[in-house]
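*Asks:* Just so you know, the sequence shown maps onto residues 26 to 183 in the numbering used here.
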Amino acid sequence: MTSAKKILIYIDADACPVKDEIYKVADRYRLKVFVVANSFINTPRDMDVERVIVPDGPDVADDWIAERAVPGDIVVTQDIPLADRVVKAGALALSPKGKVFDEASIGMALATRNLMEDLRSFGEQTGGPRPFSPKDRSQFLQKIDQIIQQLKRQGFSV
26 MTSAKKILIY IDADACPVKD EIYKVADRYR LKVFVVANSF INTPRDMDVE
76 RVIVPDGPDV ADDWIAERAV PGDIVVTQDI PLADRVVKAG ALALSPKGKV
126 FDEASIGMAL ATRNLMEDLR SFGEQTGGPR PFSPKDRSQF LQKIDQIIQQ
176 LKRQGFSV
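1) Quick one: residues in its chain with C-beta nearer than 6 Å to the C-beta of Val43, no 5 flanking neighbours on either side, listed in chain order?
2) Using three-state DSSP, classify Val95 as helix, strand or coil.
3) Assign Ile47 to buried or exposed, taking buried as 16 or more other Cβ atoms, counted over all protein chains shown, within 10 Å of its Cβ.
4) Would you kindly report the start and end of the unbroken beta strand (DSSP E) that includes Arg76?
5) So for Lys44, helix, strand or coil by DSSP?
6) For Glu128, I'd like the list of residues in its chain whose CB is within less than 8 Å of its CB, leaving aside the five on either flank, ordered along the chain.
7) What's the C-alpha gap between Arg55 and Ile169?
8) Pull the bridge partners of Ala108 from the DSSP assignment, please.
9) Is Lys49 helix, strand or coil by DSSP?
10) By Cβ distance, which residues of its chain are closer than 8 Å to Ser64, with the 5 residues on each side in sequence left out?
11) If we ignore side chains and look at the alpha-carbon of each, how far apart do Arg70 and Arg76 end up?
12) In three-state DSSP terms, what is Ser163?
As structure tokens, this is what we get:
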């Protein structure tokens, strides 16, 4: 008899504004969390949180996460190319603002990102994203809880 695959959470941790919220949710559901960064980040000691420090370099943390994320996993990231890789692997990608990246939305998100990058490369002032707000934090908490409940209904375990 095999047991259901456990839900894992991966955090693309550099500049992630919702790490504390993730720890609270993970503690409530008793989920394992991987905090992936290329420098030391404080993590709770009394929970199932594993700090993963990867070498410096472009996309090293992204590669580490993308190589491991599978269906039933949640990846919290602001990085659209990483979200694309995660979605293609069958895992769920969630932005710190509570936006779910899935098969339906990732193409548009990538196209928008690439357009903005092209505009900036031509010297256009694009203004950047709006600041992170309490509403974003609330939306993130609501969405990660919904995702965990959805994964549990699909047969993944906590």
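Virtual Cβ for every residue (Gly too), placed ideally from N, Cα, C. If you're wondering where the values come from, they're calculated on a predicted model, not measured in any experiment.
*Replies:* Per the coordinate set shown:
1) Pro121, Phe165
2) coil
3) buried
4) 74–78
5) helix
6) Val112
7) 14 Å
8) According to DSSP, Ala108 bridges with nothing at all.
9) helix
10) Asp39, Ile78
11) 10 Å
12) helix
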